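Asks: For reference, the structure I am asking about is given below.
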Amino acid sequence: MAELGNMALAEHSQQIRTIARREVTVDPSSFVDPQGFVFSWNERLYRCIRSQAAPLFRRLLDDGTLAALEQDHGLVNTAVAPLVVDDEPDGLVVEHPRVHPLSYCVEWCPSMLRDAGRTTLELTIELAGRDMMLQDAYPWNVLFSGNAPVFVDLTSIVPADRATIWPAHEQFEAFFLRPLALAAEGKGKVARALLHDNIDGIGLEDFSTLMSASYHLRHPGLTIACWVDRQLQRRGALKMKVRQLAERASTNIDPAVRRRFLQGLRRRLDGFTFADKANPWTHYYSEISSEFDKQAKLNAITGLLESIQPRTVLDLGCNTGVFSLLAARQGARVIAIDSSESCIEALYAAARQDSLPVTPLIADVVNPTPAFGFMGRQYPGLWQRTRADTVLCLALMHHLHITGRQSFERIAELLDEVTGQHLIFEFVAHDDANVPLLPKRRRIDYTLNSVVAALERAFKDIDVRPSDRETRKLLVCRK
Amino acid sequence: MRLFRFTVLIFSVAFLTPQPALAYIDPGTVSMVIQGLFAIIFGAATAWVMRPWHIVKSLFRRRKPEPLPRQPDAAKQRSDGDQAAKP
């Protein structure tokens, strides 16, 4: 891509290669965009901008606007590609770097959702100063590269609407402000479930129903807005008249008015705080008994990662990310998964503070994010997006087997699916001190040998090493 | 008295009990109303308050002395002449 970055449009037009549409693989989330589509070709990622939008983006590339937005406002890197897709001869093909991993708002902790909203809003404010805007405010337009949000939907950039301050305002409310308000009230899990189930985000009615009476008293505007919405829903003719009046009132929006409105949204976004809810998992590692040799386990994992030197690491059941951060400090790009929102919040804060390439996600290993969206293919399931060179499965197996009721054969099947080369698996014996604390939902009859036998179906070399206590062992597995 | 209590009861049922939103779902109308009101209020404030205020302020702003006209840069003139002479 670097060799394309500085190529003038005039030069590159002489070297354009035409590729057939059937040779490319169109991204499944791309078919809702009327301005273009994202596709893969020869293992690289491109976007074909259709002919009606191509002149705008040629201008934005030529005058350095896109470069400035990339540097200061989180827009994805974009470079002209010497390609043309045969059924879009007048289109413009640009190349983007792949952003890893693919993650969605239903997996983000509240701080991540807020930072994604900030990126969207900052970009919109900057574009408003150039008489342009983002035409939609979907959280699917933002991906996290490590811990940094990147706005990837280039063709969301359009000329500013003359009649409305920001047509995507309702989407911004539904996908960012309402879920964050729920999370600030301690209802983050509810917000994520609603975002998964509602393709248009959290509606005003659902939001109003979920908020407490004291919230309504503190925010009387919400009650009024809900009442107005309810009245308009019942009276279609009145609703059309109100919309026409609102559009007429907004004709030829003054840029200062637009900027003030958007800055008001930013103040609301910045005003959310997420209290650290008391959670038994947040202090798990700090509360490990001093009779156990924590440092030995840390040293063992450090030594293993130093010898393996993985490019990517998946940390299952990461808790507050002690080992995720360790792997990231050794140069790996890490995806860290845990079902506890407060643990993921803590890990996200630590990764941001130390600028480490860790993407923490909220997910239950036993019940991960499924594929969803149109035809169940628009947004792939979690395990399709998070495969890594090395997988850490530490202090997790007893949760999967006892509480999660999964056999070791099934656990090995999952680990086989997500592991590229190495697995570091911590065996927890049934006489471990933590096992009696679990609600027992199945008979416990496993041994070290039976677990090793299950893992041997997928991993050819399994090396057993000590962990931080007698009842635990580190199994270093290689495919 | 009975009529008054009946009216209060009807009012309470009509306006205080949650009612499901019916028919066609169109979530953007309230947003458009908010944006329209914002444009009216702050557009009017910009046109009728902020702009006049800036005009009044400018009347009382001390005028800076006019800068002296710059002498042409002889060195730059020579180099511009050289540039113009190039094919």
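In order, the protein sequences belong to chains A and B. Counting from 1, position 476 in the first sequence corresponds to residue 476 in the working numbering; the numbering is continuous, with no gaps. With the second sequence counted from 1, adding 479 to any position gets you the working numbering. Backbone N, C-alpha and C fix where the C-beta goes; we use that ideal spot for every residue, glycine too. Being a predicted model, the structure only gives us computed values, none of them experimental.
1. Could you give the uninterrupted runs of the alpha helix (DSSP H) lying entirely in the stretch 207-274 of chain A, keeping only those of 4 residues or more?
2. Is residue 523 of chain B close to chain A, meaning its C-beta is less than 7 Å from at least one C-beta of that chain?
3. Using a Cβ-Cβ cutoff of less than 8 Å, which residues in the same chain neighbour residue 177 of chain A once the five nearest sequence positions on both sides are dropped?
4. Would you kindly check if the distance between the Cβ of residue 395 of chain A and the Cβ of residue 417 of chain A is under 7 Å?
5. Between A/448, A/460, A/459, A/456, which has its C-alpha nearest residue 472 of chain A's C-alpha?
6. Return yes when the Cβ of residue 385 of chain A is within less than 7 Å of the Cβ of residue 101 of chain A, no when it is not.
7. Sorted by chain position, which residues of the same chain lie with C-beta nearer than 8 Å to residue 86 of chain A's C-beta, five sequence neighbours on each side aside?
8. Quick one: what's got a C-beta closer than 8 Å to residue 122 of chain A's C-beta in the same chain, skipping five residues either side?
9. By how many angstroms is the C-alpha of residue 338 of chain A removed from the C-alpha of residue 204 of chain A?
10. Answer with yes or no whether the minimum CB distance from residue 509 of chain B to chain A is below 7 Å.
11. Check whether the Cβ atoms of residue 298 of chain A and residue 325 of chain A lie closer than 7 Å to each other.
12. Quick test of your reading: residue 225 of chain A and residue 509 of chain B, contact by CB under 8 Å. State the CB separation rounded to the nearest angstrom.
13. So, at 7 Å on beta carbons, what are the nonlocal neighbours of residue 39 of chain A in its own chain, with the 5 sequence-adjacent residues on each side left out?
14. Quickly, what does DSSP pair residue 133 of chain A with across the bridge? List them, please.
15. Could you say which of A/184, A/82, A/422 lies nearest to residue 460 of chain A if we only look at CA atoms?
16. Touch check for the stretch 297-315 of chain A and the stretch 368-384 of chain A: three-plus C-beta pairs under 8 Å?
17. With a cut-off of 8 Å, do at least 3 Cβ pairs link the stretch 343-350 of chain A to the stretch 367-374 of chain A?
18. Pull up the CB-CB distance for residue 208 of chain A and residue 222 of chain A, whole angstroms please, since I reckon it's below 8 Å.
19. List, in order along the chain, the chain B residues whose C-beta lies closer than 8 Å to that of residue 164 of chain A?
20. Can you check whether the CB of residue 312 of chain A is closer than 7 Å to the CB of residue 388 of chain A?
21. If the cut is a Cβ gap below 8 Å, which residues of chain B does residue 495 of chain A touch?
22. List the endpoints of the continuous alpha helix (DSSP H) containing residue 171 of chain A.
23. Just to confirm my understanding: we take residue 478 of chain A, look at its own chain, exclude 5 residues before and 5 after, and list those with CB closer than 7 Å. What are they?
Replies: On the basis of the coordinates in this document:
1. 213-218, 220-234, 236-249, 255-270
2. no
3. 117, 265, 268, 269
4. no
5. A/448
6. yes
7. 18, 19, 20, 21
8. 73, 74, 266
9. 30 Å
10. yes
11. no
12. 5 Å
13. 24, 25, 26, 27, 46, 48
14. A/158
15. A/422
16. no
17. no
18. 6 Å
19. 511, 514
20. yes
21. Any question about residue 495 of chain A goes unanswered here, given that chain A covers just 1 to 479.
22. 169-172
23. 421, 422, 459, 460, 461
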